[in-house]
Amino acid sequence: MYYTGLKQESFHTLLFDGLMLGNDRGVFDIKSRATISMLKHHRLNGKITYRVSLKDTATEKKLKHKKISVLVKSNGTWESLKKVQTNKQGKATFTVKKATVSKFKLRWKPTGSDINEYTTATTKNYSVK
Numbered sequence: 009m010y011y012t013g014l015k016q017e018s019f020h021t022l023l024f025d026g027l028m029l030g031n032d033r034g035v036f037d038i039k040s041r042a043t044i045s046m047l048k049h050h051r052l053n054g055k056i057t058y059r060v061s062l063k064d065t066a067t068e069k070k071l072k073h074k075k076i077s078v079l080v081k082s083n084g085t086w087e088s089l090k091k092v093q094t095n096k097q098g099k100a101t102f103t104v105k106k107a108t109v110s111k112f113k114l115r116w117k118p119t120g121s122d123i124n125e126y127t128t129a130t131t132k133n134y135s136v137k
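Terminal number for the sequence shown in our numbering: 137, no gaps in between.
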């Protein structure tokens with residue numbers, strides 16, 4: 009006699025043995041999200057300076073020395089305007105001219121060892137007023 013289980017019972021198992029797949033994450037590839045937050049802006053002579061921060065959403069850890077792309081909408085497509093790097097506090101500053109930029113958004117795409125840990129983070133669309 010052997011156990012056949014109940015009709016509504018299903019077999020679930022979680023295996024966290026990294027040797028099975030040859031990686032350090034185990035069977036399930038779990039990735040964390042990063043958040044790009046707009047902190048403040050400052051206007052001066054037709055230029056607007058923005059300050060943004062990059063953090064791990066789950067742990068609130070500041071992501072240091074990461075490159076964030078500033079994307080500008082031009083003819084219906086998003087094009088890269090510039091790349092800014094976060095400092096030791098996970099903050100970056102960039103300046104745009106009001107006359108040349110009407111809409112922009114920010115994107116951080118993980119590189120190197122961050123690819124295994126994070127997914128791409130993109131902000132909402134911002135209008136320059």
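A virtual CB, placed ideally from N, CA and C, is assigned to each residue, including glycine.
Counting other Cβ atoms within 10 Å of its Cβ, K111 stays below 16 and is therefore classed as exposed. Apart from sequence neighbours up to five positions away, the residues of its chain that approach S77 with a beta-carbon distance below 6 Å are S88, K91, R115, ordered along the chain. When DSSP states are grouped into helix, strand and coil, S121 belongs to the helix group. Short of 6 Å from the beta carbon of M46, and not among the five residues preceding or following it, lie these beta carbons of its own chain, in chain order: V60. Secondary structure note for E87: its beta strand (DSSP E) is the uninterrupted segment 85 to 93. The beta carbon of K105 is closer than 7 Å to those of G54, K55 in its chain, skipping five residues each way along the sequence.
Non-local C-beta neighbours of L79 in its own chain, meaning closer than 8 Å and more than five positions away in sequence, comprise W86, E87, S88, L89, F112, K113, L114, R115, ordered along the chain.
In chain order, I56, Y58 place their CB closer than 6 Å to the CB of H49, counting only its own chain and leaving out the 5 sequence neighbours on each side.
In the DSSP assignment, H49 is bridged to Y58. A residue is called buried when at least 16 other Cβ atoms come within 10 angstroms of its Cβ; T119 does not meet this threshold and is exposed.
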